[in-house]
Amino acid sequence: MIRIRRIIAGGQTGADRAAFDFALEHGFGIGGYIPRGRRAEDGPLPETYPNLTETPEKSYAVRTELNVRHSDATLILSHGPLTGGSRLTAKLARRHRKPALHLDFAAAATDELIEKARRWLAAINCESLNVAGPRASTDPEIYAKTKSFLERLFAGQ
Numbered sequence: 015m016i017r018i019r020r021i022i023a024g025g026q027t028g029a030d031r032a033a034f035d036f037a038l039e040h041g042f043g044i045g046g047y048i049p050r051g052r053r054a055e056d057g058p059l060p061e062t063y064p065n066l067t068e069t070p071e072k073s074y075a076v077r078t079e080l081n082v083r084h085s086d087a088t089l090i091l092s093h094g095p096l097t098g099g100s101r102l103t104a105k106l107a108r109r110h111r112k113p114a115l116h117l118d119f120a121a122a123a124t125d126e127l128i129e130k131a132r133r134w135l136a137a138i139n140c141e142s143l144n145v146a147g148p149r150a151s152t153d154p155e156i157y158a159k160t161k162s163f164l165e166r167l168f169a170g171q
């Protein structure tokens with residue numbers, strides 16, 4: 015049984031923002047750490063995203079580590095191999111011995127990835143899910159793909 019109550023993300027454009035928008039539209043709580051000044055590549059993260067904690071630093075890496083540590087598990091979505099902050103997220107999940115799943119939209123059909131994610135979420139005890147992936151400037155399609163994926167993953171929840 016999937017018991018997600020809260021979606022955690024770092025507030026960056028792309029996958030993070032899609033996760034927040036999905037959560038707010040579907041009645042999930044949101045939370046997480048964001049860089050000081052609500053820093054994101056498109057300017058300060060709007061105040062319409064509540065319940066977020068600014069880190070003392072502007073560093074994306076600091077907020078990434080805090081989000082991994084303070085969530086039950088991490089789902090990383092991408093088109094292709096992990097790079098940049100997404101790769102760091104996976105490394106930090108291993109370091110902190112937190113469950114993590116990377117799903118590559120370029121490597122398998124969406125239906126197959128949804129089933130894999132459902133099995134994984136059902137097997138772990140997870141109420142707060144950290145969702146991560148590339149920013150919009152490095153993957154312009156990741157926002158729409160992430161939001162659609164989450165809508166299908168949690169359909170009927």
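Just so you know, our numbering puts the end of the sequence shown at 171, numbered straight through with nothing missing. Cβ coordinates follow ideal geometry from the N, Cα and C atoms, glycine included.
Proximity of residue i and residue j at Cβ, strictly below 8 Å
i: G46; j: A32; result: no
i: E79; j: R50; result: no
i: V145; j: L106; result: no
i: A131; j: G94; result: no
Nearest-angstrom Cα separation, counted from residue j out to residue i
i: R108; j: A114; result: 8 Å
i: D118; j: R133; result: 16 Å
i: I90; j: T103; result: 8 Å
i: G25; j: G57; result: 11 Å
i: L66; j: L167; result: 24 Å
i: G43; j: A37; result: 6 Å
i: E71; j: A54; result: 13 Å
i: A169; j: F163; result: 10 Å
i: C140; j: I16; result: 8 Å
Own chain, CB closer than 7 Å to residue i, minus 5 neighbours either side, in chain order
i: G28; result: G147, P148, R149, A150, D153, I156, Y157
Residue i (DSSP reduced to helix, strand or coil)
i: N81; result: helix
i: L59; result: coil
i: E68; result: strand
i: L143; result: strand
i: S100; result: helix
i: D30; result: helix
i: D153; result: coil
i: A23; result: coil
i: I128; result: helix
i: A114; result: strand
i: G170; result: coil
i: G41; result: coil
i: A87; result: strand
Neighbourhood of residue i by C-beta distance below 8 Å, restricted to the same chain and skipping five residues each side
i: L143; result: I18, R20, I21, I22, S85, D86, A87, T88, L89, L135
Same chain, Cβ closer than 6 Å to residue i, five either side skipped, listed in chain order
i: R77; result: G24, Y47, I48, P49, T69
i: L127; result: L117
Presumed contact (8 Å Cβ cut-off) between residue i and residue j, rounded CB distance
i: K161; j: D35; result: 6 Å
i: G99; j: Y74; result: 6 Å
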